[in-house]
Amino acid sequence: MKRYFREISVAGALVVLLLALAIFAPAFYQPQPLISLLTREAPTLVVACGMALVIISRQIDISVGSQFAVCSVSGGLLAAQGWPLPLACLASIVVGGLMGAFNGWLIAGLRLPSIVVTLATMVTWREALRWLRQGQFVNLPDGTQWFGLSQSAGQWTLIVAALIILIALAFSMKHLAAGRFVYAVGTDAEAARLAGIRPQLTTFAVFVFMGALVGLAAMMNVVQSPQVDPKSGFGLELKVIAAVVVGGVAISGGRGKLWGVFAGLLLLACISPALTHLHIEAYWEKAIQGAIILLAVVADGLRTRKQTN
Amino acid sequence: MKFLLQLSAVTKSFGAVRALKGVSFDLQAGEVHALLGENGAGKSTLIKVITGAHQPDGGSIAINGERVTHLTPASAHKLGIACIYQQPALFPDLTVAENIGLRLESAGAFHRVNWAARTKRALELLQRIGADISPDAEVRSLSMPEQQLVEIACAIGAGARIVIMDEPTASLTQKEQHLLFAVVKDLRANGVGVIYISHRLEEIFALADRVTVLRDGESIGTHRVEEMNEALLIKLMVGREVAAIYPPSESTPGNVVLSLKNLSCAAGGVNQVNLEVRAGEIVGLAGLVGAGRTELARTLFGITPADFGEIYLSGQCVRISSPAEAVAHGIAYVPEDRRRHGVILEMPIAHNMTMAIHQRIFPGAWLRFGAEKTLALDYIRDLAIKAYGPGAPGGSLSGGNQQKVSLARWLATKPKLLILDEPTQGVDVGAKSEIHKIIRRLAKEGLAVLMISSDLPEVLGMSDRIAVMREGTIVSELPGKSDAHEVMAAALGQTEAAK
């Protein structure tokens with residue numbers, strides 16, 4: 020109970036918000052807008068899962084937004100060339116994985132700090148894409164949007180896919196040796212190395228996995244519209260890092276649960292519609308999100324201070 | 377006679393450990409007073425009390441004849457106390473003049489720096505101690521002794537009357553030592569009192585006027601250097617009888633498990649080590665701090681891989697370039713700093729115990745919590761670990777029990793060779809004797825044990841054979857029930873004096 024205090028308090032805050040909405044603004048619970056909200060957040064959830072792994076292993080990846088754009092455009096172009104959608108998805112995952120491998124090579128192989136490496140790759144990928152595409156949208160062929168299904172079936176497919184990934188990852192982090200390596204490396208890389216774990220390999224793998232998840236998330240976003248925006252994913256890194264931190268993952272590594280990240284993401288995502296329904300001006304959205312993030316960081320700070328005293 | 381510094385009956389405890397048990401010490405103007413003692417005798421604690429880094433629990437301190445209470449690093453500095461550590465505490469990215477200026481200029485944060493005056497003063501101070509160092513040089517580009525000279529220049533510039541030098545010559549060449557000695561003698565001639573700590577007895581005879589020997593947190597006596605000789609000093613340092621509390625050896629050494637031929641690692645400071653460890657044998661690795669014992673263990677375990685020489689395991693020549701390879705070859709290393717590297721404090725002890733055996737206990741990728749719990753319960757019972765269960769976080773255990781968890785992690789790898797680095801450091805007496813019994817039992821079961829310890833009685837009481845290291849190499853091999861004097865003499869490089 021005490022161990023999961025952070026996760027439980029985020030989930031608690033989410034429940035309080037949902038209850039308040041049920042009482043003061045029952046209109047929030049119309050199915051269609053809710054499903055749309057969840058569909059929009061499904062790709063973000065997938066990226067946030069990857070980011071949770073990265074932060075648990077005591078690294079950070081701020082290039083995910085740019086990776087997302089590159090994957091979206093590459094996947095979209097291949098689909099426009101007539102590639103079947105599953106193949107285009109696979110290609111996008113591979114492209115993402117390669118970009119992740121590049122980050123991982125610089126960070127784990129050359130032992131450079133991840134914040135600087137991913138800052139550089141963030142700018143590089145984004146600008147390279149702008150130069151290559153000149154801001155052009157990619158028009159997708161018919162039958163790409165919603166996988167050629169009806170809108171509602173497509174939406175449900177995306178929501179369920181995101182949830183499956185969340186559950187599979189949460190399970191793996193607990194039940195796979197690899198998951199424990201990530202926690203061990205994030206807590207104390209030197210201790211892990213002395214125990215015969217290979218911290219550099221673990222870190223590299225985490226970044227490759229992050230990239231692959233971004234590739235998948237990008238395609239989950241691409242199929243939601245008839246065109247691919249080359250600027251998609253702009254600011255995504257901040258959104259997912261916020262969700263991860265609010266969800267109780269310690270920014271200093273080694274601690275955090277994926278279901279907490281899920282709650283954190285939902286909490287942040289619900290603020291905007293909640294404000295609309297509670298008739299509060301939308302300007303407040305960012306301020307409230309900022310306050311929640313601060314609260315989460317302060318809670319972590321107090322927790323670690325209590326531990327060290 | 378004028379006393380710059382007088383300590384009387386100073387006591388200091390850390391938890392249950394009594395580091396200083398009523399030490400009295402004094403320093404006169406214009407003398408070099410050497411402080412001598414083996415590892416853990418209380419020298420560092422005494423120095424930290426004098427510099428204000430530690431508050432004494434009892435006793436009194438007088439500086440220039442006046443009693444001082446609540447000495448802090450800042451007030452000690454004002455009273456003219458300066459300490460030059462073995463590792464100079466300078467800012468590597470700033471120039472020499474900037475470093476000196478930072479220490480000596482007391483202006484506020486928005487005071488405009490007079491660069492010409494700063495450089496001039498730095499140059500004057502450096503010239504006064506005969507150091508040929510440019511004030512504009514970045515400290516990063518200076519050698520260790522040059523950095524020490526900069527520290528001394530700071531001390532002189534601050535008008536220090538009491539200068540403490542903690543093993544200043546540990547990393548110096550012969551020529552640099554002479555330069556340093558000249559500076560120390562110059563300080564003495566100018567009426568400064570120098571407290572000089574060194575493990576090199578010949579320096580004490582060359583430099584000091586008086587010598588105080590500390591042992592187990594007590595002052596064994598202060599003598600004029602002329603009245604002493606090396607053998608007498610070693611005897612004072614070692615003193616006590618080896619208590620008969622250590623369990624007797626029950627094993628007979630079997631086949632050679634580990635054999636090292638000229639093993640060297642330049643980066644780790646390990647130089648041409650030859651050593652054999654047999655199955656069922658406990659080999660104690662003795663030596664002073666910095667003699668290269670931990671470095672040898674780290675080289676053996678592939679943390680800082682060897683760059684020369686050979687490692688034979690059960691007769692086979694192997695190359696070990698990472699801890700993972702060392703584990704695969706059947707080497708286990710229980711590291712010195714268990715809070716940092718031995719046990720992951722946030723993780724349950726069961727997870728800690730399986731940390732090094734994932735491939736074996738979890739074939740395939742899936743963790744099997746049942747198997748893990750059984751293993752953890754076995755070790756909890758076997759090593760008598762006091763914890764509420766396998767799920768208890770490592771951080772919730774006492775030091776001795778954490779050490780046992782660390783040990784369990786490595787025993788679980790079923791090693792052939794177990795390297796223990798300070799296995800009972802910071803562990804209470806009860807747990808210490810339990811750990812000794814466990815080590816004995818492991819040797820009896822046929823494990824080859826290499827035990828590093830700075831606790832001389834422990835080395836003497838536990839080892840079947842003792843290898844003494846000094847300056848990165850093994851200088852002497854002695855049988856298990858050797859005399860403490862002999863071990864200490866070898867560690868100090870005084871094999872002739874002990875005979």
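If you're matching them up, the sequences are chains A and B in order. Just so we're on the same page, my numbering is the position in the first sequence counted from 1, plus 19. Just so we're on the same page, my numbering is the position in the second sequence counted from 1, plus 376. Where a beta carbon is used, it is the ideal one built from N, C-alpha and C, also for glycine. Keep in mind the model is a prediction, meaning the values are calculated, not measured.
- In terms of beta-carbon proximity, leucine 743/B lines the interface with chain A, with at least one pair separated by less than 9 Å.
- Considering only beta carbons, the part of the segment 193-220 of chain A lying closer than 9 Å to chain B consists of Lys193, His194, Leu195, Ala196, Ala197, Gly198, Arg199, Phe200, Tyr202, Ala203, Thr206, Asp207, Glu209, Ala210, Ala211, Arg212, Leu213, Ala214, Gly215, Ile216 and Arg217, in chain order.
- Counting only the Cα atoms, glycine 273/A lies some 28 Å from isoleucine 178/A.
- Bridge pairing for glutamine 404/B: Phe379/B [DSSP].
- Setting aside the 5 residues that flank it on each side, arginine 504/B is surrounded in the same chain by Ala529 and Ile532, each with a C-beta closer than 8 Å to its C-beta; the list follows chain order.
- Shown in chain order are the members of the segment 688-700 of chain B whose Cβ falls below 7 Å from a Cβ of chain A: Pro699 and Ala700.
- The C-beta of proline 629/B comes no closer than 9 Å to any C-beta of chain A.
- In this structure, DSSP gives lysine 762/B a state outside helix and strand, which the three-state scheme calls coil.
- Beta-carbon to beta-carbon, isoleucine 658/B and isoleucine 815/B are separated by about 7 Å, close enough to satisfy the 8 Å threshold.
- For glycine 418/B and threonine 222/A, the gap between their C-alpha atoms comes out near 43 Å.
- Cβ atoms of tryptophan 144/A and serine 82/A come within 8 Å of each other, at about 7 Å.
- Contacts with chain A at 9 Å (Cβ-Cβ) do not include histidine 554/B.
- Contact between histidine 487/B and leucine 213/A is ruled out by a C-beta separation of about 48 Å, above the 8 Å threshold.
- The way I'd put it, the segment 71-91 of chain A does touch the segment 245-263 of chain A; three or more beta-carbon pairs between them come closer than 8 Å.
- Ranked by how close their Cα comes to the Cα of valine 665/B, the residues Phe738/B, Val633/B, Val559/B and Glu543/B have Glu543/B in first place.
- Valine 559/B has its alpha-carbon roughly 50 Å from the corresponding atom of isoleucine 270/A.
- Looking at the backbone, the Cα of arginine 497/B and that of leucine 590/B are separated by about 39 Å.
- Ranking Gly95/A, Phe24/A and Arg22/A by CA distance to the CA of alanine 236/A puts Gly95/A first.
- Residue burial annotation: aspartate 831/B is buried, with at least 16 other C-beta atoms found within 10 angstroms of its C-beta.
- Listed in chain order, the alpha helix (DSSP H) elements of length 4 or more contained wholly in the segment 556-605 of chain B are 577-583.
- Proximity of glycine 84/A to chain B, defined by a Cβ-Cβ separation below 9 Å, is not satisfied.
- Between the beta-carbon of alanine 196/A and that of alanine 741/B there is about 6 Å, and that keeps the pair under the 8 Å contact cut.
- Put simply, the segment 673-686 of chain B touches the segment 626-640 of chain B. At least three CB pairs are less than 8 Å apart.
- When the five nearest sequence neighbours on each side are left out, the beta carbons in the same chain lying within less than 6 Å of the beta carbon of alanine 536/B are those of Gly456 and Ala458, in order along the chain.
- Counting along the chain, the unbroken beta strand (DSSP E) around asparagine 638/B starts and ends at 632-641.
- Within the segment 720-738 of chain B, the residues whose Cβ lies closer than 9 Å to some Cβ of chain A are Ile720, Leu721, Glu722, Met723, His727, Asn728, Thr730, Met731, Ala732, Ile733, His734, Gln735 and Phe738, listed in chain order.
- Using beta-carbon distances, histidine 717/B counts as an interface residue toward chain A, with a partner under 9 Å.
- Going by beta carbons, isoleucine 720/B and alanine 39/A fall outside the 9 Å limit.
- Between serine 690/B and glycine 856/B, the CB-CB gap reaches or exceeds 9 Å.
- No Cβ of chain A is located within less than 9 Å of the beta carbon of phenylalanine 486/B.
- Taking 9 Å as the CB threshold, valine 703/B lines the interface with chain A.
- Contact check for valine 408/B against aspartate 562/B fails: the beta carbons are separated by 9 Å or more.
- The CB of tyrosine 709/B comes closer than 9 Å to the CB of Leu213 in chain A, given here in chain order.
- Just so you know, the alpha carbons of threonine 495/B and alanine 473/B end up roughly 5 Å apart.
- For proline 855/B, the enclosing beta strand (DSSP E) begins and ends at 849-855.
- Between glycine 234/A and valine 73/A, the gap from beta carbon to beta carbon reaches 9 Å or more.
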